[in-house]
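My numbering puts the sequence shown at residues 6 to 79. Note that the Cβ used here is the ideal one computed from N, Cα and C, for glycine as well. Inspection log for the structure reproduced underneath, given as structure tokens.
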Amino acid sequence: MKRNLIKFYAQLSTVGILATIGLLALCGEPAEDANFLAVFSAQIAVVIITWTLAYLLSKKWQIARKIEATGLFQ
Numbered sequence: 006m007k008r009n010l011i012k013f014y015a016q017l018s019t020v021g022i023l024a025t026i027g028l029l030a031l032c033g034e035p036a037e038d039a040n041f042l043a044v045f046s047a048q049i050a051v052v053i054i055t056w057t058l059a060y061l062l063s064k065k066w067q068i069a070r071k072i073e074a075t076g077l078f079q
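What follows is the structure, given as structure tokens:
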């Protein structure tokens with residue numbers, strides 16, 4: 006039981022960290038001397054990659070089902 010709970014927390018943390026990295030990339034601003042279009046394109050690419058990866062891992066690990074079953078976030 007304890008081993009499964011630790012594994013669940015690790016999975017939940019991984020998905021949360023990926024989503025947070027994507028959000029931080031989306032909120033960032035390029036420096037004044039930077040090429041705006043290149044930086045903006047890289048930010049959008051990072052957001053798409055991290056959020057897609059977080060979504061796919063969440064579906065693979067069935068995070069939503071586990072959260073409802075444990076009643077963790079009520």
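When the Cα atoms are used, what is the spatial distance from residue i to residue j?
i: K74; j: N9; result: The residue asked about is misnamed: residue 74 is Ala in this sequence, not Lys. Looking at the two C-alpha atoms, the distance is approximately 13 Å.
i: I22; j: I54; result: 13 Å
i: A69; j: S63; result: 7 Å
i: A79; j: L42; result: Checking the displayed sequence, the identity of residue 79 turns out to be Gln instead of Ala. Cα to Cα, Q79 sits roughly 42 Å from L42.
i: I11; j: N40; result: 43 Å
Taking Cβ to Cβ, would you say residue i is nearer than 9 Å to residue j?
i: A50; j: V20; result: no
i: A24; j: W56; result: yes
i: L28; j: V44; result: no
i: Q48; j: A36; result: no
For the alpha helix (DSSP H) that residue i lies in, which residues bound it at each end?
i: A24; result: K7 to C32
i: Q67; result: Segment: none, Q67 is in no alpha helix (DSSP H) and carries neither H nor E.
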